[in-house]
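The sequence shown begins at 2 in this note's numbering and counts up one residue at a time.
Ideal Cβ placement from N, Cα and C applies to all residues, glycine included.
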Amino acid sequence: MSKNNNEDQLFSEFPDISTPQWEEKIMQDLKGGDYEKKLIWKTIDGLKIKPYYRQENLTNLEHLKSLPQHFPFVRGTKTNGNDWEIRQEVDIKSVIEANKIALEAIKRGANAIGFNAHYIETPDDIRQILKGIDINTTSIHFFGATSYPSFLDLLIQELQNQNVEIKKLKGSINFDPISFCLLHGNFYKSKNADFDECAEVLKTTKSHLPNISTITINGHYYHNAGASIVQELAYSLASANEYLAEMTNRGISIDSISSKMLFSFAIGSNYFMEIAKLRAARLLWAKIVEQYKPQNIASASMNIHAITSFWNKTIYDPYVNVLRSTTETMAASLGGANSITVLPFDLTYKKPDDFSNRVARNTQIILKEEAYFSKVADIAGGSYYIENLTDSIANAAWKLFQSIEEKGGLIEQITNGSIYEEIEKTCQQRDMDIAMRKTVMLGTNQHANQKETMLDKLQPNKDIKDLTSKLKTYRGATAFEALRMATEDFVLKGNKKPIVFLMTIGNLTMRKARAMFANNFFGCAGYDIIDTNGFQTVEEGAKEAFNANADIIVICSSDDEYAEIVPKSCKQIKERNNNIKVIVAGYPTAIIDNLKQAGVDAFIHIRTNVLETLQKFNHLLGI
C-alpha cells in the first residue's frame with residue numbers, strides 16, 4: 002500500500018472536527034459556566050487570549066507569507082540556524098579587574114562583553130581593558146560613557162596606535178540621549194545639542210567603526226520600571242522613530258541610521274508572550290523604516306539584544322531566579338534575539354561572583370549546545386498560538402505607538418509626564434496582582450521558605466540603583482521582601498519571632514486544605530508556623546496553642562463546622578489571652594457576622610489581599 006493510502010486510512014479514523022463542534026463540547030464541559038471568565042485569558046494590556054487556536058486563525062495574517070531574513074523580518078534575521086551572542090556585562094571600576102573577568106568569561110563561553118566606559122579615561126585604560134581579547138571573535142559593547150564623542154576619539158586613536166584593524170571591531174555603544182531624558186527628566190546638554198552629538202557619533206562610527214552599533218534603544222528600562230509588554234514595545238519604537246526623524250533632518254540617510262541601531266529589550270517569564278514580543282518588534286520596526294524609503298530593504302531589519310528581567314527577580318529563594326532566567330533565555334532565543342545577557346541569579350542582594358556569573362553563562366551554553374536552540378531558524382513560525390500572539394501584540398503596540406505620535410512623539414510624552422503616569426497605572430495593577438497572588442512569585446508570595454534568612458546576606462550593590470525619581474527601576478517582589486526583612490530585623494533585635502498555630506479540627510479534607518493555605522499565607526511574612534495533625538476538641542487545640550506560646554491562632558475546618566467550633570475556640574482563647582489574634586481560614590458568608598461577634602480578628606481566603614493583611618499583622622505584632 003502506498004504512503005498516501007496509509008495516511009488516508011489513518012486519518013479516516015479521525016474525522017475533522019469543526020470549531021463549532023469544539024465550542025459545543027466546551028460549553029457542555031463548562032456546565033453553564035461563563036466561557037469568557039473561565040477560559041479567556043485577559044492580559045494586563047487588555048489582550049484577550051483564546052483557550053485554543055486553529056489553522057483557520059492564521060488565515061488573515063499577512064506576515065506568514067514571509068521567510069526568515071526577508072521583509073518584514075518577523076521570522077528573524079537568520080537563515081542558517083538561530084545562533085546568538087552570549088554576552089556578559091562587566092561593570093566594575095578597575096580596568097585591570099574588568100579585563101581579568103572578561104578574559105575568564107570568554108574562556109568559559111562568552112563571545113560578547115559589555116564594559117562600563119565611565120571608568121575608561123585614558124589610552125592606557127583602553128589598552129588594559131582590551132588586553133588579550135581577540136576582536137575577531139568577541140564583540141565589544143560599551144555603556145555609561147560621560148561623552149561618547151570623546152570616548153570614541155580615545156578608542157579609535159588608541160586602537161590605531163596599536164595597529165589594530167578597527168573596522169573589524171564589532172559591538173555597540175549605548176548612546177541613547179532619549180533614555181537619559183527619560184531617566185533624569187532632561188537632556189544631558191539640550192535636546193538639539195544631544196541630537197547634534199548623536200549625528201556626530203553616527204558619522205564617526207560610519208567612517209571608522211562600521212560594525213559598531215551607535216544608538217541603543219533601551220527598552221528594558223520600561224520593563225524594569227513595571228511597564229507591560231505592549232508599553233515596552235510601543236515606547237521603544239516611538240523612541241527609535243524620534244532618532245530616525247532627528248537624524249534624517251540632519252542629512253543622514255535612513256540606511257545609515259537604521260543599520261546603526263541596537264534594540265535592548267528585557268525578557269520576562271511570560272514565555273510565549275515574550276517570544277511573540279520580539280517577533281512583533283521586528284514586524285513593526287520594518288513597517289516604520291519602510292516609510293522612510295530605505296535604498297536597502299535590509300535596513301528595515303532589527304538588531305535585538307535581550308536581557309533577562311530584573312523586575313521579576315527575588316532576594317528570597319534566589320535559586321528560583323535561575324529557573325526564571327532559563328525560561329527567559331529560551332524565550333529570547335526562540336524569539337530571534339541576536340545577543341542575550343543573562344543576569345546573575347544573586348544580583349538582587351549582592352555583587353555577583355564567579356559562580357553566579359558561570360551559571361548565567363552556562364544557561365545559554367546549555368540551551369545552545371545541549372538543547373540545540375541555536376540550530377533552527379524561527380522554530381516558532383507557523384505555531385497557531387504564537388503567530389496569533391505576535392499579531393495581537395503587534396496590533397496593540399502599533400495602536401499605542403500611533404497614539405504617542407499623534408500626541409507629539411515620545412519626547413513630548415516624557416516632557417509632559419504622561420508616560421510616567423501610564424507606566425504607574427500598569428505598576429499599580431501589577432502590584433495588586435502580586436498582593437492578591439494572581440501573579441505568583443515562587444518563594445516570595447507563594448510557598449515561601451519560613452526558615453530562610455537573607456538579611457544577613459544582603460550587601461550594598463552599587464550596580465543596583467534607582468537612577469532617577471522620574472522613572473524608578475524596581476522589583477515586583479520588593480513589598481513582600483520588606484515584610485520578611487522586617488520580621489528578620491525584629492528577631493535580630495532580640496524579639497521572639499511571631500508564632501502562628503494552626504488549630505486543625507473537624508473535616509479531614511477541609512482542615513488539611515485550609516491548613517496548607519494558612520501555612521503558605523503567613524509563611525510569606527517569615528513567621529514560624531506550627532502545623533498540627535488535628536484535634537478532637539476545641540479545648541485540646543487551645544491548650545496546645547497556649548503551650549506553643551502562639552501569637553496567632555488560625556482555625557482550620559469546614560464552613561459547616563465553623564458555626565460551632567469558632568465561638569467555642571474564641572471563648573477559650575480570648576478569656577485566657579485577649580492579645581492572641583484569632584483567624585479563620587475561609588470566608589463562611591452565612592455566619593460571618595456571628596463569627597466576628599464571637600471574637601474573630603480576621604478571615605483569610607483566596608480573595609484576601611495577602612500583602613495588605615500581613616502588613617497589618619506586622620503592625621499589630623509591633624514589627
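* Use the C-beta contact count for residue 206: other C-beta atoms within 10 angstroms, 16 or more gives buried, fewer gives exposed. => The residue labelled residue 206 in the question sits at position 205 within the sequence shown. Residue 206 should be labelled buried.
* Between which two residues does the alpha helix (DSSP H) carrying residue 88 extend? -> Residue 88 sits at position 87 when you count from the first residue of the sequence shown. Membership of residue 88 in any alpha helix (DSSP H) is not indicated; the residue belongs instead to the beta strand (DSSP E) covering 86-91.
* Asked: Can residue 525 and residue 446 be called in contact, C-beta distance under 8 Å?
  -> Taking the sequence shown and counting its residues from 1, one reaches residue 525 at position 524. Taking the sequence shown and counting its residues from 1, one reaches residue 446 at position 445. Contact: yes.
* Kindly indicate which three-state DSSP category residue 557 falls into: helix, strand or coil? => Numbered from 1 along the sequence shown, position 556 holds the residue referred to as residue 557. In the three-state reduction of the DSSP assignment, residue 557 falls in the strand class.
* How should residue 578 be labelled, buried or exposed, when 16 other C-beta atoms within 10 angstroms of its C-beta is the threshold for buried? -> The residue given as residue 578 occupies position 577 in the sequence shown. Residue 578 comes out exposed.
* In chain order, what residues of the same chain have a beta carbon less than 6 Å from the beta carbon of residue 603, not counting five sequence neighbours either side? -> Translated into positions along the sequence shown, residue 603 becomes position 602. These residues qualify, in order along the chain: 584.
* Which word fits residue 194, buried or exposed, when buried means at least 16 other C-beta atoms lie within 10 angstroms of its C-beta? -> Sequence index remark: in the sequence shown, residue 194 carries index 193 (1-based). With fewer than 16 other Cβ atoms from the protein chains shown falling within 10 Å of its own Cβ, residue 194 counts as exposed.
* Which whole-angstrom value describes the C-beta separation of residue 335 and residue 293, a residue pair presumed to lie in contact below a C-beta threshold of 8 Å? -> Numbered from its first residue, the sequence shown carries residue 335 at position 334. Numbered from its first residue, the sequence shown carries residue 293 at position 292. No, residue 335 and residue 293 are not in contact; Cβ-Cβ is about 30 Å, not under 8 Å.
* Asked: Can the beta-carbon of residue 499 be found less than 8 Å from the beta-carbon of residue 532?
  -> Residue mapping note: residue 499 aligns to position 498 of the sequence shown, counting from 1. Residue mapping note: residue 532 aligns to position 531 of the sequence shown, counting from 1. It is not a contact, given that the beta carbons lie outside the stated cut-off.
* Taking the continuous alpha helix (DSSP H) assigned at residue 267, which residues delimit it? -> The residue given as residue 267 occupies position 266 in the sequence shown. Boundaries around residue 267 are those of the beta strand (DSSP E), 262-268, since no alpha helix (DSSP H) includes it.
* **Cut-off 6 Å between Cβ atoms - residues of its own chain near residue 119, not counting five sequence neighbours on either side** => Counting from one through the sequence shown, the residue named residue 119 turns up at place 118. Cβ within range, chain order: 145.
* To do: Whole angstroms is fine: what's the gap from residue 373's alpha carbon to residue 366's?
  => What you label residue 373 is simply residue 372 of the sequence shown in a count that begins at 1. What you label residue 366 is simply residue 365 of the sequence shown in a count that begins at 1. Between residue 373 and residue 366, the C-alpha separation is close to 10 Å.
* Between the region 322-333 and the region 229-245, do three or more beta carbon pairs fall short of 8 Å? -> In the pairwise beta carbon analysis, the region 322-333 is classified as not touching the region 229-245: fewer than three pairs are separated by under 8 Å.
* Using the beta-carbon count (16 or more within 10 Å), is residue 324 buried or exposed? -> Against the sequence shown, residue 324 aligns to sequence position 323. So residue 324 ends up on the exposed side.
* To do: Take residue 110 and list the residues in its own chain whose beta-carbon comes closer than 8 Å to its own, dropping the five residues that flank it on each side.
  => For the purposes of this step, residue 110 is identified with residue 109 of the sequence shown, where counting begins at 1. Around residue 110: 87, 362, 363, 365 and 366.
* Asked: Just to confirm, are residue 319 and residue 355 a CB contact at a threshold of 8 Å?
  -> Residue mapping note: residue 319 aligns to position 318 of the sequence shown, counting from 1. Residue mapping note: residue 355 aligns to position 354 of the sequence shown, counting from 1. With respect to residue 355, residue 319 sits apart: the two C-beta atoms are not nearer than 8 Å.
* **Cβ distance (whole Å) where residue 277 is taken to contact residue 308 below 8 Å** => Taking the first residue of the sequence shown as 1, we reach residue 277 at position 276. Taking the first residue of the sequence shown as 1, we reach residue 308 at position 307. Residue 308 and residue 277 do not touch by the CB rule: their CB atoms are close to 18 Å apart, not below 8 Å.
* So residue 521 is in the alpha helix (DSSP H); what residue range does that whole segment cover? -> Against the sequence shown, residue 521 aligns to sequence position 520. That run of the alpha helix (DSSP H) goes 509-524.
* Status (buried if at least 16 other CB within 10 Å, exposed otherwise) for residue 15 -> Here residue 15 refers to the residue found at position 14 of the sequence shown. It counts as exposed.
* To do: Hey, could you find the ends of the beta strand (DSSP E) residue 503 is sitting in?
  => Working through the sequence shown from its first residue, we reach residue 503 at position 502. Note, residue 503: beta strand (DSSP E), 500-505.
* Whose CA, out of 397, 515, 449 and 270, lies closest to the CA of residue 48? -> Your numbering for residue 48 matches position 47 in the sequence shown. With distances taken between Cα atoms, residue 48 lies closest to 397.
* Asked: Does DSSP classify residue 529 as helix, strand or coil?
  -> Locating residue 529 in the sequence shown gives position 528, where the first residue counts as 1. DSSP, reduced to helix, strand and coil, places residue 529 within a strand of the structure shown.
* **Inter-residue CB distance, residue 260 and residue 300 (contact presumed, cutoff 8 Å)** => Residue numbering aside, residue 260 sits at position 259 when the sequence shown is read from its first letter. Residue numbering aside, residue 300 sits at position 299 when the sequence shown is read from its first letter. Right, their Cβ atoms sit about 5 Å apart.
* Provide the residue(s) that pair with residue 43 in DSSP beta bridges, ordered along the chain. => By 1-based counting over the sequence shown, the position of residue 43 is 42. Checking the DSSP bridge columns, you'll see residue 43 partnered with 49.
* To do: Using the Cα positions of residue 502 and residue 418, report the straight-line distance between them to the nearest angstrom.
  => To locate residue 502, count along the sequence shown from 1; it is residue 501. To locate residue 418, count along the sequence shown from 1; it is residue 417. Looking at the two C-alpha atoms, the distance is approximately 49 Å.
* What's the gap between the Cα of residue 400 and the Cα of residue 420? -> Taking the sequence shown and counting its residues from 1, the one referred to as residue 400 is at position 399. Taking the sequence shown and counting its residues from 1, the one referred to as residue 420 is at position 419. Answer to the nearest angstrom: the Cα atoms are 15 Å apart.
* Can you tell which of 519, 598 and 454 has the C-alpha that lies nearest to the C-alpha of residue 568? -> To locate residue 568, count along the sequence shown from 1; it is residue 567. That would be 598, whose Cα lies nearest to the Cα of residue 568.
* For residue 306: DSSP bridge partner residues -> Here residue 306 refers to the residue found at position 305 of the sequence shown. Partner(s): 265 and 340.
* Residues near residue 477 by beta carbon distance below 8 Å, same chain, minus five either side -> Residue numbering aside, residue 477 sits at position 476 when the sequence shown is read from its first letter. Excluding sequence neighbours, residue 477 sits near 227, 312, 313, 431, 432, 435, 440 and 442.
* Asked: For residue 381, which residues from the same chain have a beta carbon less than 6 Å from its beta carbon, with the 5 sequence-adjacent residues on both sides left out?
  -> Position 380 of the sequence shown holds residue 381. If we look at residue 381 and ignore the five residues flanking it on each side, its Cβ neighbours are 276, 335 and 387.
* CB contact flag (residue 230, residue 46, <8 Å) -> Your numbering for residue 230 matches position 229 in the sequence shown. Your numbering for residue 46 matches position 45 in the sequence shown. Closer than 8 Å, so yes.
* Asked: Looking only at DSSP bridge pairs, what is residue 447 linked to?
  -> Residue 447 sits at position 446 when you count from the first residue of the sequence shown. Beta-bridge annotation (DSSP): residue 447 is paired with 443.
* To do: Classify residue 495 as buried or exposed, calling it buried when 16 or more other Cβ atoms lie within 10 Å of its own Cβ.
  => Here the question's residue 495 lines up with position 494 in the sequence shown. Burial call: exposed.
* Asked: Are residue 281 and residue 405 touching if we call contact CB-CB under 8 Å?
  -> The sequence position of residue 281 within the sequence shown is 280, counting from 1. The sequence position of residue 405 within the sequence shown is 404, counting from 1. No, these two residues do not count as a Cβ contact at 8 Å.
* Asked: Just reading off the alpha helix (DSSP H) that residue 583 is part of, what are its end residues?
  -> For the purposes of this step, residue 583 is identified with residue 582 of the sequence shown, where counting begins at 1. No alpha helix (DSSP H) holds residue 583; the beta strand (DSSP E) holding it covers 582-586.
* Asked: Should residue 97 be labelled buried (16 or more other beta-carbon atoms within 10 Å of its own) or exposed?
  -> Residue mapping note: residue 97 aligns to position 96 of the sequence shown, counting from 1. Taking a 10 Å sphere around the C-beta of residue 97, we find fewer than 16 other C-beta atoms and assign the residue as exposed.
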